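Protein chains in written order, with my numbering: chain A, 13 to 36; chain B, 3 to 194. Working notes for the structure below.
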């Protein structure tokens, strides 16, 4: 049985304004 | 009179056929599969609600940054891990005929202490989620960190899991053992 390397995916960061909302 | 009459579930108009005495309505309504689902995308902006089968199309079309990868064993590469503040990395993994939402969240739980939380959610009911398990694995130089659990259902959300640390949790100092070139690689394996 041949080993197949798992596929990979690059996931970019999503920066939300949660911090700002917490500060308000 | 109310005690002797059977009442329809609150979500009868969406297709639920359950009828129960008034006093027993609350519990099944909480778990009703016809109950509208909220958008599981992390972030405070989306107020979308809809049926379960519309959740994946909603994520794909309205949250275009969420990409999907097929396969039960994948590498999730979170880029720019050092970005300050509250940050999310989100993607979908498709396998066994289901979609899973993978979330890596960086947030400040205690003042001055940033933590990462990684969790897998099934886009399905709680009952469907029970038949799966997932493993998250971080590998660094002679170090390995593994978390194994049952996926949450999007019905439940992840807020409680994060509050109770019922997910993979690590702080920024531990993250550095597994980070290379600003990227954190998480191997995600889902099994049935």
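Ideal placement from N, C-alpha and C gives every residue a C-beta, glycine not left out. Note that the coordinates shown come from a computational prediction; the quantities given were computed from them, not determined experimentally.
Does any residue of chain A bring its CB to less than 8 Å from the CB of residue i?
i	result
residue 93 of chain B	yes
residue 71 of chain B	yes
residue 90 of chain B	yes
residue 85 of chain B	yes
residue 49 of chain B	no
residue 81 of chain B	yes
Tell me the residue span of the alpha helix (DSSP H) that contains residue i.
i	result
residue 162 of chain B	161–165
residue 31 of chain B	28–33
Residue i by DSSP, collapsed to three states: which one?
i	result
residue 12 of chain B	coil
residue 157 of chain B	coil
residue 141 of chain B	strand
residue 31 of chain A	With a pLDDT of 48 at residue 31 of chain A, under the threshold of 50, the predicted position of this residue should be treated as unreliable, though the coordinate-derived value follows. Residue state, collapsed to three classes: helix.
Could you work out which residues of chain A lie near residue i, taking near to mean beta carbons separated by less than 8 Å?
i	result
residue 67 of chain B	24 and 26
residue 181 of chain B	By Cβ distance, chain A contributes nothing, its closest Cβ being about 13 Å from residue 181 of chain B, past 8 Å.
residue 99 of chain B	Within 8 Å Cβ-Cβ: nothing; residue 99 of chain B doesn't reach chain A, min ~18 Å.
residue 77 of chain B	18, 19, 20 and 21
residue 174 of chain B	Within chain A, no residue comes near residue 174 of chain B; the closest Cβ sits about 14 Å away, beyond 8 Å.
residue 189 of chain B	18
Can you tell me where the beta strand (DSSP E) holding residue i begins and where it ends?
i	result
residue 203 of chain B	This structure does not reach residue 203 of chain B, given that chain B is present from 3 up to 194, and the question cannot be answered.
residue 20 of chain A	19–23
residue 186 of chain B	185–193
residue 21 of chain B	21–23
So which residues on chain A does residue i lean against when the C-beta distance must stay under 9 Å?
i	result
residue 145 of chain B	Those do not exist, as residue 145 of chain B stays about 20 Å from chain A at its closest Cβ, beyond 9 Å.
Exercise. For the stretch 49–137 of chain B, list the alpha helix (DSSP H) runs that are entirely contained and at least 4 residues long, ordered along the chain.
Key: As far as the stretch 49–137 of chain B is concerned, its whole alpha helix (DSSP H) runs of at least 4 residues are 57–64 and 128–131.
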